[in-house]
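Enquirer:
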Amino acid sequence: MSERIVTAVDTVVSPPVEGPWNVERIRADFPVLHQKVNGKPLVYLDNGASSQVPQVVIDRGSVYIEQEHSNIHRGVHYLSQRATTAYEGAREKVKRFINARESRECIFVRGATEGINLVMHGYGRKFIDAGDEIIISAMEHHANIVPWQMLCEEKGARLRVIPMNDAGELLIDEYEGLLNERTKLVGVTHVSNALGTINPIKEMIAQAHKYGVPVLIDGAQSAPHMPVDVQDLDCDFYVFSGHKMYAPTGSGIIYGKAELLERMNPFQGGGDMIRTVTFEKTTYADLPNKLEAGTPAIASQIGLGAAIDYLNSIGRQEAAAYEAELLRYATERVSAIEGVRIIGTAKHKASVLSFVIDDIHPHDIGTILDQEGIAVRAGHHCAQPVMQRFNVPATARASFAFYNTKEEIDVLAQTIEKVIEIFS
Amino acid sequence: MSELSELYQQVILDHNKKPRNFRKIESPTHTAEGHNPLCGDQLTIYLDLVNDEVKDVSFEGSGCAISKASASMMTQAVKGKSKQQVEDLFKGFHLMVTDDSETPEELGNLRIFEGVREFPVRVKCATLPWHTLHAAINKEELVSTE
């Protein structure tokens, strides 16, 4: 078993792919892709909701469960030490993945939603008061709207919204007009989950910093699709979910600048986040433990570390370039179909193709595509204000990953034509 | 595509395209609003109930083909029926789309929705109008099938 123990600590992944993108080789890494749905080969185009998990990540989670399963940070025994090493090793990988200064700036959470709530409770409730203002954008996921609304209601603060144009691009001039001395936080998505827009966050962060305002970036749709450098961006918080980047559900990260995380209140109280507890007073542990109460999703977070190894092994730049080509091809194919309208036509987009068809509800589109084995999301994408902005009840959304193929996009386009035929 | 053609039959597609009783009743005795937040379906049911009999019924709103056709055919099916008959139809319809047992004859042309049971995520679309009608009759103003 000694050899398996070695693989337990460092995930063994294939060497970087050379030459043009070898999608068949990549697909071989993802067991879930090789199945039939309703008698048809699965065409998985719902990566924006949850992406698939490569075998090396599955194996790494299994190794923890089979050989290391135990609690972290509190056992003197062998298994606990191994689990702790693996868990903290995953944190190191995350640190390098987003280029944080220190690993204690990377807090494990169960997903982007929990990360934003952590900032709302730990930072917002402590530092935002009546009359203060929080700026978000018109294209936020509910996860980056609702916590701030809750805070505004509690404190009497005001939520302000950066508008967007008909292409789904934020109006940066308007954003600059919203910033003022009352602004206490800016929360904006890097990539819109409903539209695919890539926002100019580096520029937006710099604008906010002129007023001394910290910026939270929702990276749920960017971390899986493009290299991210939190130091270069100079963002104050950056949050993402593991299950959208080839890791299991229950994994995720909130990055925060150490000085901010240190000034914050704890999010949840409990085990692992304390230094001393008496009935009179509790003192808190240092970062990152202060913000990680209770036993985390250890297997999932170790899986996130393995997913990062996997992404590095296939080449993040190369994967991003291939995905850009997929999106270009899909946009060309789908927008050429008469009666189809693309929602979200920003100049800079990633991974997401949202569309509607005249007089056909997206839910009907989704059902018919599913019968042909194609998985897309149909609905409001947890972004109801975006739907209202574009005056549609919902959209159908195909979202791509580096394991999708142009042939799959052909199947998508042909099936959309079939949908139109059924309803004609 | 066999199950699919069972779901999207011509009659359903026709009611989707040309929904019947798709209008507002100006002073209804009963009304209720229904939402299916999962897919964004929303509709309002207007009802004129006189001496426990459905004198007039109509609907407005937006939704998928299944919910729209279901609402359209429901309004046709319940017009002139007693309150009790409407409640019986509601129960029968609900059972038909959620249960594998044989569909009772009394449902008449509503039996066309039997195929919905093969599409569990679409059951709420088909039943939303019925839940909303049920709520209107029982004076509840807002329902949600989420």
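Going down the list, the protein sequences come from chains Z and F.
In the working numbering, each residue's number is its place in the first sequence (first place is 1) plus 10.
One point on numbering: in the working numbering, the residue at position 69 of the second sequence is 62, and numbering is uninterrupted.
Each residue gets a CB set at the ideal place from its N, CA and C atoms; glycine is no exception.
#1: Cβ of F/Ala119 less than 8 Å from any chain B Cβ?
#2: Among the candidates F/Val116, F/Ile105, F/Trp123 and F/His124, whose CA atom is the shortest distance from the CA of F/Gln3?
#3: Can you name the start and end residues of the alpha helix (DSSP H) that Z/Asp56 belongs to?
#4: Within 10 angstroms of the Cβ of Z/His44, are there 16 or more other Cβ atoms? Answer buried if so, exposed if not.
#5: With a Cβ-Cβ cutoff of 8 Å, do Z/Pro403 and Z/Cys116 count as a contact?
#6: Quick one: Cα of Z/Ala331 to Cα of F/Leu0, how far?
#7: Tell me, please, whether the CB atom of Z/His390 is closer than 8 Å to any CB atom in chain F?
#8: Please report the straight-line C-alpha distance between F/Ile59 and F/Lys132, rounded to a whole angstrom.
#9: Would you mind sorting Z/Pro276 into buried or exposed? The rule is 16 or more other CB atoms within 10 Å of its CB.
#10: For the putative contact between F/Lys76 and F/Ile130, defined by C-beta atoms under 8 Å, what is the C-beta separation to the nearest angstrom?
#11: Return helix, strand or coil for Z/Met226, following the three-state DSSP convention.
#12: Among the residues of its own chain, which have a CB less than 8 Å from the CB of F/Val116, if the five just before and after it don't count?
#13: Which term fits Z/Glu290, buried or exposed, when burial requires 16 or more other beta carbons within 10 angstroms of its beta carbon?
#14: Answer yes or no: do Z/Tyr294 and Z/Ile108 have a C-beta to C-beta separation smaller than 8 Å?
#15: Report the residue from F/Val114, F/His87, F/Asp93 and F/Leu103 whose alpha carbon sits nearest the alpha carbon of F/His127.
#16: Which residues bound the beta strand (DSSP E) around F/Glu46?
#17: Would you mind telling me which residues of chain F sit closer than 8 Å to Z/Asp374, beta carbon to beta carbon, in chain order?
#18: With a threshold of 8 Å between beta-carbons, can Z/Ile75 be considered close to chain F, or not?
#19: So is Z/Ile263 in contact with chain F if we call contact Cβ pairs under 8 Å?
#20: How big is the Cα-Cα spacing for F/Lys74 and F/Leu100?
#21: Beta carbons nearer than 7 Å to chain F: which residues of the segment 358 to 385 of chain Z have them?
#22: Within a Cβ cutoff of 7 Å, which residues of the same chain sit near Z/Gly349, ignoring the five residues on either side of it in sequence?
#23: Within the same chain, show all residues whose beta-carbon is closer than 6 Å to that of Z/Val396, passing over the 5 residues directly before and after it, in chain order.
Expert: Concretely, from the data shown:
#1: As a matter of chain content, chain B is missing from the structure shown, whose protein chains are Z and F.
#2: Of the candidates F/Val116, F/Ile105, F/Trp123 and F/His124, the one whose C-alpha sits nearest the C-alpha of F/Gln3 is F/Ile105.
#3: Run containing Z/Asp56: none; DSSP gives neither H nor E here.
#4: Classification for Z/His44: exposed.
#5: No, Cβ-Cβ distance for Z/Pro403 and Z/Cys116 is not below 8 Å.
#6: Approximately 40 Å between the Cα atoms of the pair.
#7: With 8 Å as the cut-off, Z/His390 counts as an interface residue toward chain F.
#8: Per the coordinates, the alpha-carbon of F/Ile59 lies some 25 Å from the alpha-carbon of F/Lys132.
#9: Buried is the call here.
#10: Contact annotation, F/Lys76 with F/Ile130: C-beta distance approximately 6 Å; criterion of less than 8 Å satisfied.
#11: Checking the sequence, you will find Leu at residue 226 of chain Z rather than Met. Strand, per DSSP.
#12: Counting only residues of its own chain and dropping the five nearest sequence neighbours on each side, F/Val116 has a CB closer than 8 Å to the CB of Val90, Thr91, Val109 and Arg110.
#13: Only exposed fits Z/Glu290, as fewer than 16 other CB atoms lie within 10 angstroms of its CB.
#14: No. Outside cutoff.
#15: Nearest option by C-alpha distance: F/His87.
#16: The continuous beta strand (DSSP E) containing F/Glu46 extends over residues Glu46 to Ser55.
#17: For Z/Asp374, the neighbours in chain F by C-beta distance under 8 Å run, in chain order, Tyr1, Cys57, Ala58 and Ile59.
#18: With respect to chain F, the C-beta atom of Z/Ile75 has no partner C-beta closer than 8 Å.
#19: Z/Ile263 does not count as touching chain F.
#20: Roughly 13 Å between the two C-alpha positions.
#21: Flagged, chain order: His371, His373, Asp374, Thr377, Ile378 and Gln381.
#22: The answer, listed in chain order, is Ile367, Asp368 and Ile430.
#23: Taken in chain order, the residues that qualify are Met149 and Ala204.
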